[in-house]
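The next block holds one structure in the form of structure tokens; read it before the comments.
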Amino acid sequence: MFDFLDKYDVLGAFWTTVQLTLLSAVGSLIWGTLLAAMRVGPVPLMRGFGTAYVNIVRNIPLTVIILFAALGLKDTLGISLGSDVVDTSNFRLSVLGLTVYTSAFVCEAIRAGINTVPVGQAEAARAIGLSFTQVLGLVVLPQAFRAAVGPLTNVLIALTKNTTVAAAIGVAEAALLMKEMVENEAQLLLISAIIAFGFCCLTLPTGLILGWVGKKVAVKR
Amino acid sequence: MTKVTVAKEDAATSDELVVLKSVNKHFGALHVLQDIDLTIARGEVVVVIGPSGSGKSTLCRTINRLETIDSGTIAIDGKPLPHEGRELARLRADVGMVFQSFNLFAHKTVLDNVMLGQVKVRKADKKQAEEKARALLDRVGVGAQADKYPAQLSGGQQQRVAIARALAMGPKVMLFDEPTSALDPEMINEVLEVMQQLAREGMTMIVVTHEMGFARSAANRVVFMADGRIVEQSSPDQFFSNPRSDRAKDFLSKILHH
Ligand SMILES: Nc1ncnc2c1ncn2[C@@H]1O[C@H](COP(=O)(O)OP(=O)(O)OP(=O)(O)O)[C@@H](O)[C@H]1O
Ligand SMILES: [Mg+2]
Chain S
0 MFDFLDKYDV LGAFWTTVQL TLLSAVGSLI WGTLLAAMRV GPVPLMRGFG
50 TAYVNIVRNI PLTVIILFAA LGLKDTLGIS LGSDVVDTSN FRLSVLGLTV
100 YTSAFVCEAI RAGINTVPVG QAEAARAIGL SFTQVLGLVV LPQAFRAAVG
150 PLTNVLIALT KNTTVAAAIG VAEAALLMKE MVENEAQLLL ISAIIAFGFC
200 CLTLPTGLIL GWVGKKVAVK R
Chain L
0 MTKVTVAKED AATSDELVVL KSVNKHFGAL HVLQDIDLTI ARGEVVVVIG
50 PSGSGKSTLC RTINRLETID SGTIAIDGKP LPHEGRELAR LRADVGMVFQ
100 SFNLFAHKTV LDNVMLGQVK VRKADKKQAE EKARALLDRV GVGAQADKYP
150 AQLSGGQQQR VAIARALAMG PKVMLFDEPT SALDPEMINE VLEVMQQLAR
200 EGMTMIVVTH EMGFARSAAN RVVFMADGRI VEQSSPDQFF SNPRSDRAKD
250 FLSKILHH
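Rendered as structure tokens:
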């Protein structure tokens, strides 16, 4: 019954999914944190930028962002992110698109985390002479991240599933493979089940492990 | 409401540590600080007292620029308050502040709370910072709690840690904003004792409090505020037994007859 699978590189496709997920996760964690810092910072221009970014980006469908990366950045502007190989360049553009999109959600998760830190602690930190960046980096963000583990887990799980949109520009990840298999094989239900199972293998442990981590690092008040 | 002109402090005191001159501040339409003139000498302990909403906290917070002012000047040790950046951070390190709600860093141990500013602001060596932190924690009587997290301590212990955290910066002056108001009655004294000891050791202190026992035993001067103004200031004995302004009489009758 599973014979037809020999023709396909299922593990390879999921490995691409994992790579898309991890690289975009790291990218959006960094960019999302910077956005959150801008949104709570004292500089009006940066606050405005952060707010505008989040509100615009999270209201654009991911497919549009990914297609824009391929059609707009690469085909029109010639930005191929350092590779002439189509596959590599599309993979990188997908990571960029996913990062741009996901960081809006990361930003909001972290900002919600920041709101759980009592203002008084930031004032006390300022009162002993810490600079804005120190207050943020030493007192506020460490607590914000701990409070944000839950929401960030949801963002990560959503990101894992969102990587399937990269299929739209031909990145050989799990969803593209599924499309290919569906076109060529008869076992539609089985194919869907296999892909669904694969995603559960990625997302369920993520949820469990991070759920445990979230409890472990929670700040007692 | 009578307004009493405040007797100027002895003009000969060259040792003025905190000087506020015609300070004004608004919160929108609310004029919360109105022409505040206040001079605090080195080593002096001043208790600020007054009804809720009279601007006591705001006054404290302007002194280390947690709140900005609209007009007037504030100088610490002869230097006007810097506006932003590094200079301001340095000044804040020189002005210790203790809050009503302790505000300890919840994700750090007690010891780390007291070490943080020394290491990150004063750039002290970690080992020396730890020694100093432990000594200060011993001094305020919570040395045994050094490795616990703030949430594991009682309110009184937390507030004493907060005092140690401020002292660790080697401040020139300490501001206390109702340091005992959030405490259960049985914990008030342990905090007041630490403050009293500080006062005896010569620390310059500005203390917003309604603890009259502390004011009588530790304060050199009581400043009475109402509606954003300094209405009256005098020695604790004079103020509590023989207040001059009607506002003060009214206020004292309310807090005494409870
Ligand atoms: N950030 C703020 N924005 C607007 N109004 C404020 C702000 N902080 C304080 N106020 C108002 O300014 C006035 C003075 O406040 P302040 O906290 O200085 O009073 P207080 O004397 O410390 O009172 P309490 O005894 O209740 O602590 C109050 O009417 C208060 O509502
Ligand atoms: Mg107050």
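Chain order of the listed sequences is S and L. The first sequence maps to residues 0 to 220 in numbering that gives the first Met the number 0. The second sequence maps to residues 0 to 257 in numbering that gives the first Met the number 0. We put the beta carbon where it would ideally sit given N, CA and C, even for glycine. Bear in mind the structure is a predicted one, so any value in this text is a computation, not a measurement.
Here I65 (chain S) really is in contact with A165 (chain S); their C-beta atoms are around 6 angstroms apart, less than 8 angstroms. Within chain S, the residues L129, Q133, L137 have their CB atoms less than 7 angstroms from the CB of K119 (chain L), given in chain order. The closest heavy atom of ligand 1 lies 6 angstroms or more from the beta carbon of T208 (chain L). A straight-line Cα-Cα distance of about 50 angstroms links T16 (chain S) and A132 (chain L). Relative to A92 (chain L), the option among L:Q157, L:N63, L:V44 whose CA is nearest is L:N63. Secondary structure in the region 149 to 235 of chain L: the beta strand (DSSP E) runs of 3 residues or longer, each lying completely within the stretch, are 172 to 176, 203 to 207, 220 to 225, 228 to 233 in chain order.
Partner residues in the beta bridge of V45 (chain L), as assigned by DSSP, are L:I205, L:R220. Straight-line measurement puts the Cα of V139 (chain L) at about 12 angstroms from the Cα of A145 (chain L).
Assigned with DSSP and collapsed to three states, N23 (chain L) falls in strand. A distance criterion of 6 angstroms places the beta-carbon of S53 (chain L) in contact range of ligand 1, judged by its closest non-hydrogen atom. Straight-line measurement puts the Cα of R46 (chain S) at about 49 angstroms from the Cα of S234 (chain L). By the beta-carbon neighbour count (other beta carbons within 10 angstroms, threshold 16), G149 (chain S) is buried.
In this chain, the alpha helix (DSSP H) harbouring D93 (chain L) covers 84 to 93.
G213 (chain S) has its alpha-carbon roughly 32 angstroms from the corresponding atom of S191 (chain S). Membership of A132 (chain L) in the alpha helix (DSSP H) is indicated by the continuous run 125 to 138.
Burial check for H82 (chain L): the Cβ neighbour count within 10 Å stays below 16, so the residue is exposed. Under DSSP, E15 (chain L) shares a beta bridge with L:A40. Within the model, the alpha-carbon separation for T208 (chain L) versus A161 (chain L) is close to 17 angstroms.
By the Cβ-count criterion, F1 (chain S) is exposed, with fewer than 16 other Cβ atoms from all chains shown falling within 10 Å of its own Cβ.
As the crow flies, the alpha-carbon of D34 (chain L) is around 23 angstroms from that of R41 (chain L). Remark: the C-beta of S56 (chain L) is in contact range of ligand 1, defined as less than 6 angstroms to any heavy atom.
Going by DSSP, A74 (chain L) is part of the beta strand (DSSP E) stretching over 70 to 75. Q120 (chain S) is positioned such that its CB atom lies closer than 7 angstroms to that of F104 (chain L). Contacts between K219 (chain S) and chain L, judged by CB atoms closer than 8 angstroms, involve A105, Y148, A150, Q151 in chain order. The residue among L:D176, L:K119, L:V113 with its C-alpha nearest the C-alpha of G142 (chain L) is L:V113. Annotated as distal: L191 (chain L) and F223 (chain L), with beta-carbon spacing of 7 angstroms or more.
Residues of the region 73 to 92 of chain L with a Cβ closer than 7 angstroms to any Cβ of chain S, in chain order: A88, R89, R91, A92. At a C-beta separation below 9 angstroms, R164 (chain L) has these neighbours in chain S: A123, I127.
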